[in-house]
Amino acid sequence: MLDIKFVRENPELVKENIKKKFQEYKLPLVDEVIALDVENRAAITEAGALRAERNRLSKTIGGLMGQGKRDEAEEVKKQVSAQADRLKELEAKEAELEEKIRTIMLNIPNIIDASVPIGPDDSHNVEVQRFGEPVVPDFEVPYHTEIMERFGGIDLDSARRVAGNGFYYLIGDIARLHEAVLAYARDFMIDKKGFTYVIPPFMMHGSVVQGVMSFPEMDAMMYKIEGEDLYLIGTSEHTMIGRFVDQMVPEEQLPLTLTSYSPCFRKEKGAHGLEERGVYRIHQFEKQEMIVVCKPEESMAWYDKLWRNSVELFRSMDIPVRQLECCSGDLADLKVKSCDIEAWSPRQQKYFEVCSCSNLGDAQARRLKIRIKGEDGNYLPHTLNNTAVAPPRMLIALLENNLQADGSVRIPEVLRPYMGGKTELRPNN
RNA sequence: GGAGAGAUGGCUGAGUUGGUCUAAAGCGCACGAUUGGAAAUCGUGUUCACCCCUCAAAGGUGACAAGGGUUCGAAUCCCUUUCUCUCCGCCA
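Residue 198 in our numbering sits at position 1 of the first sequence, with consecutive numbering throughout.
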């Protein structure tokens, strides 16, 4: 979310930015919101003057009452009452205008970074760099659930009976591999990158949900607990960032470099390709996440560090990846710059998304009123987030890339301590 | 889940028969005086958002958990919600 003052002072820049994002239909919003802002400030000024007058008269009444001059006090009361209607009218107008302005501001996209490639949709995203050789083995790589089944590692049929489509039982070594990946990623972020490990709440109040996402997003993603004002989180970012909403953070604490673990629950309403026989897009998964809150001038450096962390992490598990930069049209409105880290799928012989790294600039901080108490005054920090690992989806890449010709799966060295020292998984039969 | 008590500035904490609350006092912090330097002492200052404004200053409005209500006027009275503490119950 942009600052209304910024829009007021730089309307042309904001419009240029909207064009870059191929959202021409939003252009009229700029002039509209500026007009509403003028009206709103006029109302605020007039209401302020009326309240000042009311406060002054009320004090007079207090004085008169104290002296026992009841009749005179009654006279002054009438004067105050005379203004009451106008003030009420203005207050209603203020509330209405503010709501309208906020709604529009939420729809005006953040100013994207100058380096973001321009394009209308995800087909124009740009592959920046590949890391590791995308190997195509000379044997057939089966569908990921089939690999898991060879180890007796997955039961989707029972999961469907118990919870419905989009859930899974992971069993035995596959379940253990799932946890190994999370534990390794956690330790990687703690020990190698110096991030602070956090386990946040996995549920939150409706007011927090409304703070961290828009209504359509909420409707499409969030599960609600019946009879309670509680929602299951769709990502730990919800409660990790929610922690700072309306807070003033001392500058000494920056940069906040956090790595959080949580299960994630998503309705995936309207999402195509909720696959019946896989764990690619599902209602429940687990994620190790990176969150950074930093000074504005440092956010781009952190952005580069964050996506490189993901690359390093995946390469250490022998998974080839590439960095795919989101073009302007594919960039969510809140984001300044964003890229996906995609893992190589030998079966499909293409890359698929496993991490998403975003620099939100100060948009999220402004929207959620997260502020930094600095030496030279207060300011809005920049916020960033990135996926470390999100299994079971990432297990698809892990299994496919480490599958051997004889049907066994090699366990990457870094994961072995978390697998009881095993070097490979052997099929049951 | 039941009963009771609470939520006030960076912290502690007064204020609850509505009216100089323009939120006491203390601590902390910043600056200054004093000192060879420091401690102690003394003095001054010390929330945020918004409006007004070329800038600054001055001024204005709002904010005492959140939201709503009563009133000429609410930290104070009423309602709803959230959270905290104590006791009981239940529980990994």
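Just so it is clear, CB atoms sit at the ideal spot from N, CA and C, and this is done for glycine as well. Note that this is a predicted model, so its numbers are computed, not measured.
Backbone secondary structure at residue i - three-state DSSP
i, result
"I258", "helix"
"N207", "coil"
"V332", "coil"
"D501", "helix"
"T454", "strand"
"S605", "coil"
"Q326", "strand"
"F511", "helix"
"Y428", "strand"
"L622", "strand"
"Y477", "coil"
"S312", "coil"
"K464", "coil"
"K202", "helix"
Residue i - partner residues in DSSP beta bridges
i, result
"I396", "DSSP lists no partner for I396."
"H579", "C491"
"T436", "Its beta-bridge partners do not exist; DSSP assigns none."
"A540", "V518, F549"
"P711", "Because the chain in this structure spans residues 198 to 626, residue 711 falls outside the shown range and cannot be described."
"T584", "E486"
"S535", "S555"
"Y365", "DSSP lists no partner for Y365."
"K212", "Its beta-bridge partners do not exist; DSSP assigns none."
"S459", "K484"
Residue j beta carbon less than 9 Å from that of residue i
i, j, result
"V476", "I569", "no"
"C461", "F482", "yes"
"K329", "G350", "The sequence given here has Gly at residue 329, not Lys. Taking 9 Å as the Cβ cut-off, G329 and G350 do not qualify as a contacting pair."
"I593", "S542", "yes"
"I430", "P397", "yes"
"E597", "I344", "yes"
"V153", "L600", "Residue 153 is absent from the model: the chain starts at 198 and stops at 626."
"G361", "L565", "no"
"L531", "A560", "yes"
"T456", "A585", "yes"
"R327", "P517", "yes"
"A249", "I258", "no"
"S255", "V277", "yes"
"R383", "I479", "no"
"E324", "E448", "no"
"L210", "I308", "yes"
"Y428", "G403", "yes"
"F336", "L622", "no"
"L284", "R251", "yes"
"M497", "N556", "yes"
"A372", "Y615", "no"
"E434", "E486", "yes"
"R544", "Y340", "yes"
"H579", "A602", "no"
"Y548", "R519", "yes"
Residue i, enclosing alpha helix (DSSP H) - first and last residue
i, result
"K290", "267 to 304"
"F412", "412 to 418"
"E376", "369 to 384"
"L595", "590 to 598"
"D354", "353 to 359"
"Q220", "Per DSSP, Q220 belongs to no alpha helix (DSSP H) and is neither H nor E."
"I387", "Here I387 belongs to no alpha helix (DSSP H), and DSSP marks it neither H nor E."
"H341", "341 to 347"
"G350", "Careful: G350 lies outside any alpha helix (DSSP H) and carries neither H nor E."
"G158", "Only positions 198 to 626 of the chain appear in the structure, and residue 158 is not among them; the question remains open."
"Q561", "560 to 565"
Residue i: CB within 8 Å of a non-hydrogen atom of the ligand SAM
i, result
"L592", "Among the components of this structure there are no ligands whatsoever, and the ligand SAM is therefore not found."
Task: Stretch pair the stretch 507 to 525 + the stretch 314 to 327: three plus CB contacts closer than 8 Å - done: Result yes; three or more Cβ-Cβ pairs closer than 8 Å.
Open item on the list: I'd like to know if the stretch 300 to 308 and the stretch 199 to 210 are in contact, where contact means that at least 3 CB-CB pairs between them fall below 8 Å.
Closed with: Segment contact: the stretch 300 to 308 against the stretch 199 to 210, three or more CB-CB distances shorter than 8 Å; contact assigned.
Task: Segment contact, 8 Å Cβ cut-off, at least three pairs: the stretch 235 to 242 with the stretch 210 to 225 - done: The stretch 235 to 242, when compared against the stretch 210 to 225, does not touch it at the 8 Å Cβ threshold.
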